[in-house]
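These notes are about the structure you will find just below.
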Amino acid sequence: MTEPDRGGRDSFNRLRRGTLAEQVLEAVTNKLFAGELRPGDRLAEAELAAEMGISRSPVREALAELQKDGLLIKEPGRQAVIREWTSRDLEELYDLRAMLEGYAVRLAAERVTPADLSTLHGIVGAMWSSIQREEYQELLHLDFEFHREIWRLSNHSLLQQTLKTISLQTRFFIAINFGIHSDPAEVPRLHQEILNALGKDSPERLEKLLQEHLHRAVKLMLGAYQAGVEALVETS
Numbered sequence: 029m030t031e032p033d034r035g036g037r038d039s040f041n042r043l044r045r046g047t048l049a050e051q052v053l054e055a056v057t058n059k060l061f062a063g064e065l066r067p068g069d070r071l072a073e074a075e076l077a078a079e080m081g082i083s084r085s086p087v088r089e090a091l092a093e094l095q096k097d098g099l100l101i102k103e104p105g106r107q108a109v110i111r112e113w114t115s116r117d118l119e120e121l122y123d124l125r126a127m128l129e130g131y132a133v134r135l136a137a138e139r140v141t142p143a144d145l146s147t148l149h150g151i152v153g154a155m156w157s158s159i160q161r162e163e164y165q166e167l168l169h170l171d172f173e174f175h176r177e178i179w180r181l182s183n184h185s186l187l188q189q190t191l192k193t194i195s196l197q198t199r200f201f202i203a204i205n206f207g208i209h210s211d212p213a214e215v216p217r218l219h220q221e222i223l224n225a226l227g228k229d230s231p232e233r234l235e236k237l238l239q240e241h242l243h244r245a246v247k248l249m250l251g252a253y254q255a256g257v258e259a260l261v262e263t264s
């Protein structure tokens, strides 16, 4: 794969002295979710370190973390490359996420408090506000925040970490292909359904509802994504 043209992309901001690898990770991740980095783009340690004004060591550590999370591919002796996803990849990711997050919401149902429900209502309300302002990157962030709050309520640390890793991949895919969503309002509507059931329906019913939410989301996504791929083939 050829080296992408970086001429139109803003440089990374120089990081303050004493920065940790976590800050490098955050800087790169923000560019991924903002769509400034695309599948197939290469990330060179030396180049990133120079742009950020730091040594290569924390950059190397951050890229290793992104590789572990499934966002990068790196072969020995080669630069890291942002991975590309297939329809099969998405199906597998969402199947696993539905199974794990269904368990998480069952646990959450046993612990949820009025204050927790208020937090989730605030997130859904912010989703509607972001749609009115056409701030779709913010909408994606709020989607992630809603689900992360469910994971937190499960009080299961390993489950939370596993879901975070899986969801980083799906979140990045959605961020770079947001145009496949024909109706952004579907996002808060689907989350409102889950919220309405949380604390009211049985854990079993809630688990089924959340899994249906995720399966419906991936079905819509795959249908629109495949249509887009076919359109690209026809015009190529």
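Counting from 29, one number per residue, gives the positions in the sequence shown under my numbering.
Note that beta-carbon positions come from the ideal geometry of N, C-alpha and C, so glycine has one too.
Our two residues, L191 and G130, have alpha carbons roughly 11 Å apart in a direct line. Relative to the Cα of A72, the nearest Cα in the group P86, I159 and W179 belongs to P86. Excluding its 5 nearest sequence neighbours in each direction, L170 has C-beta neighbours in its own chain below 7 Å: I151, A154, M155 and S158, listed in chain order. Three or more Cβ pairs closer than 8 Å define a contact, and the region 95 to 112 falls short of that threshold against the region 123 to 142.
Looking at the DSSP output, A108 sits in a beta bridge with L71.
When DSSP states are grouped into helix, strand and coil, I151 belongs to the helix group. CA-to-CA, the gap between S182 and V133 works out to about 7 Å. At least 8 Å separates the beta-carbon of V140 from that of A90. Residue range R84 to K96 is occupied by the alpha helix (DSSP H) that includes V87. In the structure shown, L53 falls within a helical segment according to DSSP collapsed to helix, strand and coil. With respect to the 8 Å criterion, K59 and L65 are classified as neighbours on the basis of their beta carbons.
Under the criterion of beta carbons closer than 8 Å, A137 and G227 qualify as touching, at roughly 7 Å. The C-beta distance from S146 to F172 rounds to 19 Å, too long to fall under 8 Å, and the pair is not in contact. Secondary structure at L226: coil, using DSSP grouped into helix, strand and coil.
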